[in-house]
Every structure is written in C-alpha cells, then in structure tokens.
Amino acid sequence: MTVAPSRSLRSSAELIRAEEPVLAHNYHPLPVVVARAEGAWVEDVEGRRYLDMLAGYSALNFGHRHPALIEAAHRQLDQLTLTSRAFHNDRLAGFAESLARLTGLDMVLPMNTGAEAVESAIKVARKWAYDVKGVPADRATVVVAADNFHGRTTTIVSFSTDESARAGFGPFTPGFRVVPYNDLAALEAAIDETTAAVLIEPIQGEAGVVIPDDGYLRGVRELTRRTGCLFIADEIQSGLGRTGRTLAVEHEGVVPDMVLLGKALGGGIVPVSAVVARREVLQVLRPGEHGSTFGGNPLAAAVGSAVVELLETGEFQRRAEEAGVVLRDGLAALVGKGVQGFRARGLWAGVDIDPAIGTGREISESLMREGILVKDTHGSTIRLAPPLTITNEELRTALGTLETVLRTA
Ligand SMILES: *Cc1c(COP(=O)(O)O)cnc(C)c1O
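Quick note: this note's numbering has the sequence shown finishing at residue 398, numbered continuously throughout.
And the structure:
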C-alpha cells in the first residue's frame, strides 16, 4: 500500500524554531526534521533523504516500519488496544511464552520503557535478597559499573558516574556500589553478604560501545554464582540482534539470572520493555507489589510477539554478523585517516574521531549534510548502529561518505 505523503505546513527551519519556546531543552538534536521513513531511510520535511545509521539507538533494529511489524500493529489496533492488568488480555500469554523461549529464561515481567525495566529489576533483586538470600531489611546492595547507562530515573541516576546526568538531581537513592567496568577483581572486592545483584551492560553503549575483554562476562557469571548474588544483564541496547546474536551475553555462552530488554522490543512502534528472569527470581513478586498501567498491553504484546517472531528466524542476527564484517573492514581502512580507533561488534560501532579533525558533533553535522545520520557521544566518539536490514551497498555508501567527510574536514 502506498500513501500520498502528508505535507508539512512549515519548513524544517520554522519547525526547529517553533520548538525552542515550548519544548524542554533536555536534548540537542541534529538540525534535521524527519517527516517520513521506510527501512534504513528517512526523509525530511523538504523531501531530502538520509540513511539512518543510528536507528533510534537500536529501537529500530528492524528498520523503519517493517511490514510484518506494521501489519501486526494494524491488526491489533482493529481488535483491542488496552485493558490494564486488572483483566487478562488474549495477547499476553503468547508474548511471554515466546520471549521466554527466545531468551532461554522462564518468566517475563512486561513494562514499557527501558528505565522501567531497570527499576523493576532492582526492586526484584532487593526483594529476592530479603526473601530468599536473607539479607537484613533495607541493607541490600547492588553493584554496578562506572560509565554505565541504565536510564534517567532518580534511582538510576543515583548510580551514574556521568556528572551531567546527576548534578542537580539529588538526594540520591542509597544501596549502590560502583566499580570499574571490565575489572573482575574490583567486582569481587565489592561483593559481600549484602549484595543482591551485579547489574551491568554486556557492552556499554552510551559509553561509546565499550566491549569488555573476552572472559569478563563469564567471570561475572561465575563470581555471582559463587558468591550467591544475581547477575542482571542490561541488554536494552545490546540485545535483540544488534551484535550478531539474540543477546550479547551469548558471545560468551552466558545465561544471566535476569535480562533486561527494551528499545527494539517495541519494533520502533510502541515502547515495550521487559524483565526476563529465572522463575526462582521473578516469582518473589506477589499481587500488588509492583505494576504498570500500560505494561503488557495488547498492542505492545502483539508488536512484541511479532518482534520475537522475526528474531526466531535467526535472519537478523545473521545479517548483523555478516554486515558487521563490512562495517569493521570499512572502519579499519579509516584508521589513521581521521579515525583514531574503533570498537565494533555486529552492526554496532563506536568510532573515535581524531580530535584535530573535529568533534563528534561537527562530524555528525557534516555527515548529515551529506545524507548520513549518526550521533556523537562523549566528545570525539560517534556511534554507528544502522538498522539490521541495511544492505552491504548502503553500508558502503555510509562508509564512503564518512571517508570523504574526514578527508575534507
Ligand atoms: C536506552 C537504555 C536504557 C533506558 O531506556 P529508555 O527506554 O530510554 O528508558 C537503559 N539501559 C540501556 C543499556 C539503554 O541503552
């Protein structure tokens, strides 16, 4: 079905100016106003086309408006959209079954945003510590890694090490210990009889796609098992195909006690997140102890089920791995030509730009003018995370443009 593009009444420049007085200034977007999108491509108000090499921070792993996901959403819109959890709905059981099967875990707690999944996992871990492990009341601790990103709620920024995420937002929630990432000795030293859980990203996305040494995730698994605390993997950005596996922890053959999913779970259509866990852990929650009006709603469950169905084919994980080779080879060829270094796994890369050439922001703006959308993080790093549906040819186009921009910057 083709739809005539709806015309925007105002230009990009007018729309950007119109935001200023009425929209909170908590973001600094690139000056592009997107009006339409399909697959790996977006189109702005004036009809200029851009290759989307960010994919909504991995919320668009299947590209914009994937036909199977749009169809699932449309079908559900015509049946039932919301019940609240006061009643059962006919889509939730199937969604939970398929998500548990996909992740190799037992039970699902459906939520909406990533931050809510993290908050929910912290509550579950604390409850487990008191009910099962026998930690004295209000003494439970959670060990986290420096340079983490787990979301924006008051509790989550309490254990951020990014001053701009924290400053001015205290007082903070106690009960967290921060250790360096990728350091098993520091982690072991921080764990004691009060420790409910270790919460980490298998790859740190916002930090610049920081990949731990081989063996780190296996080490975290062994250490948490030996010391009797839970291993919570925040796979909200790393999961659901991005790294060439369904979950990034699969690269080390590790199964955490709790896995947090979000972003791509909503298919780029609706916010869908989940805590997926072993039965022994998630069954600590009793009726009335936790909830969400929208969590597990039939529209979210229908889209989430369609996302799981796409991943069950293995096609997207395979594509991420294959196209990931093109991405890695292309970036390797740019080292010393404006790129200082990079880290990549699957279709996900953090690229450190030579600061003498420009900031990450300046390079992102130059790429935008050439029709490639990326986002900078931490000064001179840009992050590449295209839809997993991107073709090798499109990927080479993006890499070629990056080469030109670096050469002429
Ligand atoms: C994006 C992200 C979150 C937060 O998700 P929201 O939906 O923005 O609340 C949490 N953890 C990680 C690793 C993320 O990338």
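Cβ coordinates follow ideal geometry from the N, Cα and C atoms, glycine included.
Q: Would you identify the three-state DSSP class for ALA224, choosing helix, strand or coil?
A: Taking the first residue of the sequence shown as 1, we reach residue 224 at position 235. One detail in the question is off: residue 224 reads as Glu in this sequence, not Ala. In this structure, GLU224 counts as coil in the three-state DSSP scheme.
- For the candidate residues ILE145, VAL167, TYR170, PHE165, whose alpha-carbon lies nearest to that of PHE158? Taking the sequence shown and counting its residues from 1, the one referred to as residue 158 is at position 169. Ranking ILE145, VAL167, TYR170, PHE165 by Cα distance to PHE158 puts ILE145 first.
- How about PHE138: is its Cβ closer than 8 Å to a heavy atom in ligand 1? Stepping through the sequence shown from its first residue, residue 138 is reached at position 149. PHE138: yes, Cβ under 8 Å from ligand 1.
Going by DSSP, which residues form a beta bridge with ILE189?
By one-based count along the sequence shown, residue 189 stands at place 200. Answer is ALA222, bridged to ILE189.
Q.
Can you determine whether any heavy atom of ligand 1 sits closer than 8 Å to the C-beta of VAL107, and answer yes or no?
A. The count along the sequence shown starts at 1 and reaches residue 107 at position 118. Result yes, Cβ under 8 Å from ligand 1.
Are the stretch 308 to 326 and the stretch 358 to 367 touching by the rule of at least three beta carbon pairs closer than 8 Å? No, they do not touch.
- request: Could you tell me whether any non-hydrogen atom of ligand 1 is closer than 8 Å to the CB of ASP223?
  value: Taking the first residue of the sequence shown as 1, we reach residue 223 at position 234. Under cutoff, so the answer is yes.
*Do three or more CB pairs link the stretch 269 to 286 to the stretch 100 to 111 at distances below 8 Å?*
Judged by Cβ distances under 8 Å, the stretch 269 to 286 makes contact with the stretch 100 to 111, as three or more pairs qualify.
Q) For ligand 1, any of its heavy atoms closer than 8 Å to the Cβ of SER47? A) Counted from its first residue, the sequence shown places residue 47 at position 58. Flag set: Cβ of SER47 near ligand 1.
**Message:** Using only CA atoms, which one of VAL328, GLU311, LEU88 lies nearest to THR378?
**Reply:** Against the sequence shown, residue 378 aligns to sequence position 389. THR378 has its Cα closest to that of GLU311, out of VAL328, GLU311, LEU88.
Cβ-based neighbour list, ASN171, same chain, cut-off 7 Å, excluding 5 preceding and 5 following | Residue mapping note: residue 171 aligns to position 182 of the sequence shown, counting from 1. Counting only Cβ-Cβ distances below 7 Å, and skipping sequence neighbours, we find PRO201, ASP202, TYR205.
Have a look at the DSSP bridge pairing and note the partners of LYS364. As a working mapping, residue 364 is identified with position 375 in the sequence shown. Answer is ARG372.
- Could you tell me whether any non-hydrogen atom of ligand 1 is closer than 8 Å to the CB of GLU195? Along the sequence shown, read from residue 1 onward, the residue named residue 195 stands at position 206. Flag set: Cβ of GLU195 near ligand 1.
**Study point:** Same chain, Cβ closer than 6 Å to ALA179, five either side skipped, listed in chain order
**Key:** Numbered from its first residue, the sequence shown carries residue 179 at position 190. Hits under 6 Å: VAL132, ARG166, VAL168.
> What three-state label does DSSP hand SER262 in the structure shown?
Replying inline: The sequence position of residue 262 within the sequence shown is 273, counting from 1. SER262 sits in a strand when the DSSP states are folded into three classes.
- prompt: Is the CB-CB distance between ILE225 and GLY251 below 9 Å?
  reply: What you label residue 225 is simply residue 236 of the sequence shown in a count that begins at 1. What you label residue 251 is simply residue 262 of the sequence shown in a count that begins at 1. Closer than 9 Å, so yes.
Closer than 8 Å: is that where the CB of LEU336 sits relative to any heavy atom of ligand 1? The residue given as residue 336 occupies position 347 in the sequence shown. Because no heavy atom of ligand 1 lies under 8 Å away, the Cβ of LEU336 does not count as near it: no.
ask   = In angstroms, rounded to a whole number, what distance separates the CA positions of VAL121 and GLY347?
value = In the sequence shown, counting from the first residue as 1, residue 121 sits at position 132. In the sequence shown, counting from the first residue as 1, residue 347 sits at position 358. Taking the straight line joining both Cα atoms gives about 53 Å.
Problem - Beta-carbon spacing of VAL297, LEU91 below 9 Å - result: Here residue 297 refers to the residue found at position 308 of the sequence shown. Here residue 91 refers to the residue found at position 102 of the sequence shown. Yes, the Cβ-Cβ distance between VAL297 and LEU91 is below 9 Å.
Task: Euclidean distance between Cα positions of ALA48 and PHE305 - done: For the purposes of this step, residue 48 is taken as residue 59 along the sequence shown, with counting starting at 1. For the purposes of this step, residue 305 is taken as residue 316 along the sequence shown, with counting starting at 1. Straight-line Cα distance between these residues: approximately 14 Å.
Can you tell which of THR70, LEU236, VAL209, HIS139 has its C-alpha closest to the C-alpha of ALA290? Counting from one through the sequence shown, the residue named residue 290 turns up at place 301. Among THR70, LEU236, VAL209, HIS139, the Cα nearest to that of ALA290 belongs to THR70.
* Taking the continuous alpha helix (DSSP H) assigned at ARG6, which residues delimit it? -> By 1-based counting over the sequence shown, the position of residue 6 is 17. Here the alpha helix (DSSP H) through ARG6 covers 1 to 8.
Quiz item: Comparing alpha-carbon positions, which option in GLY327, LEU12, ASP127 lies nearest PRO344?
Solution: As a position in the sequence shown, residue 344 is number 355, starting the count at 1. Among GLY327, LEU12, ASP127, the Cα nearest to that of PRO344 is on GLY327.
(request) Scan the stretch 17 to 99 and note each continuous beta strand (DSSP E) run of 3 residues or more that stays entirely inside, going in chain order. (result) 23 to 27, 30 to 33, 38 to 41
Using 8 Å as the threshold, is the stretch 37 to 54 in touch with the stretch 233 to 247, meaning 3 or more CB pairs across them?
no
Spell out the partners DSSP gives THR130 in its beta bridges. Counted from its first residue, the sequence shown places residue 130 at position 141. Its beta-bridge partners are THR184.
*Tell me the DSSP bridge mates of GLY319?*
To locate residue 319, count along the sequence shown from 1; it is residue 330. Paired residues: none, contrary to the question.
**Item:** Rounded straight-line distance, which links the Cα of HIS55 to that of ILE192
**Value:** As a working note, residue 192 is residue 203 in the sequence shown. As a working note, residue 55 is residue 66 in the sequence shown. So the alpha carbons of these two residues sit roughly 26 Å apart.
Q: Quick one: using the 10 Å Cβ neighbour count with 16 as the cut-off for buried, is HIS14 buried or exposed?
A: To locate residue 14, count along the sequence shown from 1; it is residue 25. Counting Cβ neighbours within 10 Å, HIS14 comes out exposed, since fewer than 16 surround it.
**Asked** From ARG268 to ALA82, what does the alpha carbon distance come to, in whole angstroms?
**Response** Position 279 of the sequence shown, counting from 1, holds the residue named residue 268. Position 93 of the sequence shown, counting from 1, holds the residue named residue 82. Each residue's alpha carbon lies about 16 Å from the other.
My output table needs one value for GLN272: the three-state DSSP class, helix, strand or coil.
As a first step, residue 272 must be located in the sequence shown, where it is residue number 283. Of the three classes helix, strand and coil, the one that applies to GLN272 here is coil, per DSSP.
With a threshold of 6 Å on Cβ separation, who are the neighbours of LEU236 within its own chain once the five nearest residues in sequence on each side are excluded?
The residue given as residue 236 occupies position 247 in the sequence shown. Around LEU236: GLU224, GLY228.
Residue from LEU356, GLY293, ARG372 with nearest C-alpha to ALA338:
For the purposes of this step, residue 338 is taken as the residue at position 349 of the sequence shown. It is ARG372 whose Cα lies nearest to the Cα of ALA338.
Quiz item: Would you call the CB atoms of ALA104 and ARG74 closer than 9 Å?
Solution: As a first step, residue 104 must be located in the sequence shown, where it is residue number 115. As a first step, residue 74 must be located in the sequence shown, where it is residue number 85. No. Outside cutoff.
Any heavy atom of ligand 1 inside 8 Å of the beta-carbon of GLY257? Residue 257 sits at position 268 when you count from the first residue of the sequence shown. Flag unset: Cβ of GLY257 not near ligand 1.
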